[in-house]
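To start, the structure under review is shown below, and the notes come after it.
Protein chains in written order, with the UniProt record's numbering: chain E, 1 to 441; chain F, 1 to 519.
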């Protein structure tokens, strides 16, 4: 299980496709980022389409006034950029006036703002000058021409890195926005290994921003954080190379890699994690009964695909047919590729019609795909799993390993229930059909 | 630039998508970046459609912008034609592609495809979704509808239903029944339910039934002008409007009016004594103009409610809505700013909201029950059962769905009588909802309403600012008033006190105010 030698899919060919992409843009990340950072506001500078996307992608409206909004460009803004900048300053001033609790404001670039070359980096500098020291204004692009779905979080975190306080300390930084409950579990595990001082990017509040410097070691919590990783490298920090903490195996290897970076022996990790590993194995085994031997295809969505395929094949007994990912970051994904059993078709990018043709030819038992494709595939008799749920739900580390496997098992179990045997005989509810003869008074 | 949190309407190309998705044999090639494909999920998730919307997105990326996005568009067009073999193609640009000015219409035309190619000009930075539906259907009609002979039997087209419409699927069934009862055949239902070849023969009908002016008015007017087809002006929502619709159709078709009212239960349900408690319930109505105006008529004249607010988010229909609001004696609210709608509702303090999914959320926040009457829609607005808004069954459905959120008649009295009962307390909300009215949002617990103000500032008659305070006894008395009228009582009493320069509200003041505002 701990074999990290370059085997598996390390040298597997990757099918690279360029055609219609059926994916979200990076703006979608705002849906979870704005919950994670409690004093941040995300102001998309874009079109009505951007606002409509944010409203629709969440599926539900988060009703408490959300900490995000869209400054919708109108015809007048397109005519002259100076006017657009004035308008932006005015809207930001109005917003900050109404929301004095906001300490970090992200100006989020969109497809239209980038095409008209609205310089949000300069706008952010200008607005920081105006609203300092109370509010820091940052900017990143969540546009569909630059980013795919989870790359929005990457761009957001990367934009924060240059402003992080400097340090020479030998500190540990975890990178990625996880649900609080999972983040707490991670801190607890690391604490028991002997790493009590852990900081996380993003911090829940601006004043808790982590420090970074040449002695910082950082571990990614999500596979899609390539730009953030590069930005941290530029600050002199060192990435801890590891598979991602999905499932029992992934979590253990991740913890051991972090431990090793701080000179802690793997035996310590083994000892500390014995109980949670046993729990994870037990919980995963329940779902694996359903999953074992089943074939799975991933359509490109969140960049979690390779890690999840590794978990499902190695811990749940599934067979990966095609593993599609929007972007394959070689160095970051190397440990995952080494673990992923050979035989899976790897693909990067998308030509959705061609890819769906392959799904129809392969007929996997379950296909992981976006919301736009799920019901149409179900209607063709192909079982699906919504990819977005994998990003919105707590799925990392030991205590969630069973839940993660369960997310894939549930559609299969449901299909089995609805498609027949053994089902109850409806006719047995008729009076007189029971075993006991009716008594005649 | 305008800061927006939630929107009532998407961009206009989403309107075009709603038209295309309702149809068969039509394909839409949309010049757009990859993120715009989110629109597919509106149809596959909210409406539970089992097919992908018939749209190809070019999904250009930043690196294409420096190169050749026009070629990308042409390739996408050719590939879409080859794969889907549509009877007709519509092409256009989303907001981003509009800025790069590739001229999808011209590019597609030069490909020389053997089917009609219709270019859509949908200005993303000035227009919205409903413009998109209306304009797209109009362009399809204008390009495809050919002169043709009228059908030998009396027939009509049903115009307006589109994908993602609020109960369009079921309305079409009900209206078809109304027409069949008069011996009128349906030549085509469009755009939803038709193919481009059906649009081509729209001219064969004797007249048009315009169900949703938001989506079909431009096409109906063009057909009237070019094909001599008159169209109906009555939208058959409610018992009265259904009767008027039947009368109008009988005139247009020159047939005897026929309406089978055997299954029309709503008028009697409304007249029966159990419904007495509905009298004068104050309702706030907001939605698309057609549904909002129809709801206002039904609410006042068929349910016996008092309409205390009326508005719509589509400015294109502001004029008729203003006229109706004037007739109802309320000030019209024409806005697409959802915060403004929330303020207006809070101000009016209605007993019920008839609105969209946005107002349902507002209602949950303010603790006001809400029935949904209009788009924008949610997955709940596509029930498995037949649930029309129009015609005979539509009127029945309106009665049921509007009464359901309210506290039932006798329950209202029982709450007043036994308010101290620890189980049967007004804090529990309507008993048939199994919980407090303000605790059912899918986003989790909504924020609790602000603590009741103990001090308010008012202005006395001589202009000086006055502090109004609740005496403890009066505040206790206020709590005995059932929850669904308590806020109104508080507001009225405070206003009453402020206007009279009363600094402290006593139990007396409370009851004087009650008498003053009694209807």
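C-beta atoms are modelled at their ideal positions from N, C-alpha and C, and glycine is treated no differently.
| Query | Result |
| --- | --- |
| Contacts that residue 52 (chain E) makes with chain F (C-beta to C-beta distance below 7 Å) | 7, 10, 11, 14 |
| Residue-level contact to chain F via CB, residue 24 (chain E), 8 Å cutoff | yes |
| The segment 377-390 of chain F in contact with the segment 311-326 of chain F per 3-pair CB rule at 8 Å | no |
| Beta carbon proximity, residue 44 (chain F) to chain E, threshold 8 Å | yes |
| Contacts of residue 70 (chain E) in chain F (Cβ-Cβ under 7 Å) | 4 |
| Length of the line joining the Cα atoms of residue 126 (chain F) and residue 135 (chain F) | 14 Å |
| Nonlocal neighbours in the same chain, by C-beta distance under 7 Å from residue 283 (chain E), ignoring five residues either side | 401, 402 |
| Residue range of the beta strand (DSSP E) that includes residue 286 (chain F) | 282-287 |
| N-terminal and C-terminal residue of the beta strand (DSSP E) that residue 303 (chain E) is part of | From DSSP, residue 303 (chain E) is part of no beta strand (DSSP E); its letter is neither H nor E. |
| Which listed residue (E:198, E:108, E:183) has its alpha carbon closest to that of residue 154 (chain E) | E:108 |
| Within the segment 229-254 of chain F, ranges of the alpha helix (DSSP H) (whole runs, at least 4 residues) | 239-253 |
| Residue interval of the beta strand (DSSP E) (run including residue 369 (chain E)) | 366-369 |
| Min CB distance residue 60 (chain F) to chain E below 8 Å | yes |
| Contact with chain E by residue 356 (chain F), beta-carbon distance below 8 Å | no |
| Residues near residue 163 (chain F) in its chain [Cβ-Cβ closer than 7 Å; skip 5 each side] | 18, 21, 22, 43, 47, 192 |
| Residue 9 (chain E) to residue 268 (chain E) span [Cα, whole Å] | 30 Å |
| Selected residue, minimal CA-CA separation from residue 25 (chain E), among E:46, E:412, E:279 | E:46 |
| Given 8 Å, three or more beta-carbon pairs between the segment 107-121 of chain E and the segment 139-150 of chain E | yes |
| Sub-8 Å separation of residue 346 (chain E) and residue 321 (chain E) beta-carbons | no |
| Cutoff 8 Å: residue 383 (chain F) Cβ touching any chain E Cβ | no |
| Pairwise C-alpha distance: residue 309 (chain E) and residue 197 (chain F) | 47 Å |
| Between the CA atoms of residue 491 (chain F) and residue 346 (chain F) - distance to the nearest angstrom | 11 Å |
| Residues bridged to residue 359 (chain F) [DSSP beta-bridge criterion] | DSSP lists no partner for residue 359 (chain F). |
| One or two residues paired with residue 217 (chain E) in a DSSP bridge | E:172, E:238 |
| Per-residue DSSP class, three states only, for residue 9 (chain E) | coil |
| Collapsed DSSP secondary structure at residue 481 (chain F) in the structure displayed | coil |
| Interface flag, residue 23 (chain F) vs chain E, CB-CB below 8 Å | no |
| Chain E contact for residue 128 (chain F) (CB, 8 Å cutoff) | yes |
| Range of the contiguous beta strand (DSSP E) that encloses residue 207 (chain F) | 207-210 |
| Uninterrupted beta strand (DSSP E) stretches inside the segment 333-378 of chain F (no shorter than 3 residues) | 352-355, 370-372 |
| Interfacial residues, the segment 364-389 of chain E to chain F, with Cβ spacing under 8 Å | 370, 371, 372, 373, 374, 375, 376, 378, 379 |
| Simplified DSSP state of residue 148 (chain F), which is helix, strand or coil | coil |
| Amino acids of chain E, ordered along the chain, whose beta-carbon sits closer than 8 Å to that of residue 33 (chain F) | 25, 111, 143, 144, 145 |
| Neighbour flag for residue 51 (chain F) against chain E, beta carbons, 8 Å | yes |
| Unbroken alpha helix (DSSP H) run spanning residue 515 (chain F), endpoints | 507-517 |
| 8 Å Cβ cutoff, residue 49 (chain E) in contact with chain F | yes |
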